[in-house]
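**Student:** Please find one structure pasted underneath; my questions will follow.
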Amino acid sequence: MCEYRHHCAVVEAHRQPLLKGRSFRQTVTRIGPLAIVPMPGEMFSGISLRIRAGSPFAYTLCCSVTNGSLSYLPTREARHRGGYETWVGRASGAYLLADTIDDALVAENLRLLKRLAAEEAAQA
485 MCEYRHHCAV VEAHRQPLLK GRSFRQTVTR IGPLAIVPMP GEMFSGISLR
535 IRAGSPFAYT LCCSVTNGSL SYLPTREARH RGGYETWVGR ASGAYLLADT
585 IDDALVAENL RLLKRLAAEE AAQA
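So the sequence shown is numbered by our numbering: it starts at 485 and just counts up by one.
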């Protein structure tokens with residue numbers, strides 16, 4: 485019976501209109517001078533380094549595969565070089581990742597970190 489329900493769900497999913505993208509909830513938090521940035525996939529170090537460089541916090545810890553596991557999250561440079569992670573990381577399930585996924589992740593996380601720092605400053 486369980487297999488039948490699964491097959492019915494798959495058939496129903498195929499009847500739905502195609503989605504153009506996938507979204508996820510991104511959060512950041514802080515503990516004193518430490519900001520924690522969880523990522524929904526395995527990010528390349530270049531993304532983490534860019535977030536840390538632009539962070540308003542004294543310490544910023546970027547954590548991979550902590551808000552789910554979308555995919556590998558490569559940098560644009562790594563995509564051009566190629567390799568297993570970039571090949572696998574081209575898609576998140578049925579969704580293709582944008583070539584500029586690294587820029588989008590860095591920009592959004594820096595926006596969240598700056599907002600968090602501003603809220604902290606307003607409370608002080």
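Every residue, glycine too, gets a C-beta built ideally from N, C-alpha and C. In this text the structure is predicted, and so the values were computed from the model without any measurement.
Going by DSSP in three states, E608 sits in which element: helix, strand or coil?
**Tutor:** The residue you call residue 608 lines up with position 124 of the sequence shown. A small fix is needed here, since residue 608 is Ala in this sequence, not Glu. Here A608 sits in coil by DSSP.
**Student:** Can you say whether V590 is buried or exposed, counting buried as having 16 or more other CB atoms within 10 angstroms of its CB?
**Tutor:** Reading the sequence shown from its first residue, position 106 is the one you call residue 590. By the neighbour-count rule (16 or more Cβ atoms within 10 Å), V590 is buried.
**Student:** Determine the extent of the beta strand (DSSP E) in which T544 is found, giving its start and end residues.
**Tutor:** Taking the first residue of the sequence shown as 1, we reach residue 544 at position 60. Unbroken beta strand (DSSP E) run through T544: Y543 to C547.
**Student:** Considering Cα atoms alone, identify which of I531, Y568, F541 and Q500 is closest to L600.
**Tutor:** Taking the first residue of the sequence shown as position 1, residue 600 is located at position 116. Residue F541 is the option with its Cα nearest to L600.
**Student:** Once the 5 residues before and after M523 are set aside, which same chain residues still bring their CB inside 6 Å of it?
**Tutor:** In the sequence shown, residue 523 corresponds to position 39, counting from 1. Cβ within range, chain order: S548.
**Student:** Going by other Cβ atoms of all chains shown within 10 Å of its Cβ, with 16 needed for buried, is F508 buried or exposed?
**Tutor:** Taking the first residue of the sequence shown as position 1, residue 508 is located at position 24. Under this definition F508 is an exposed residue.
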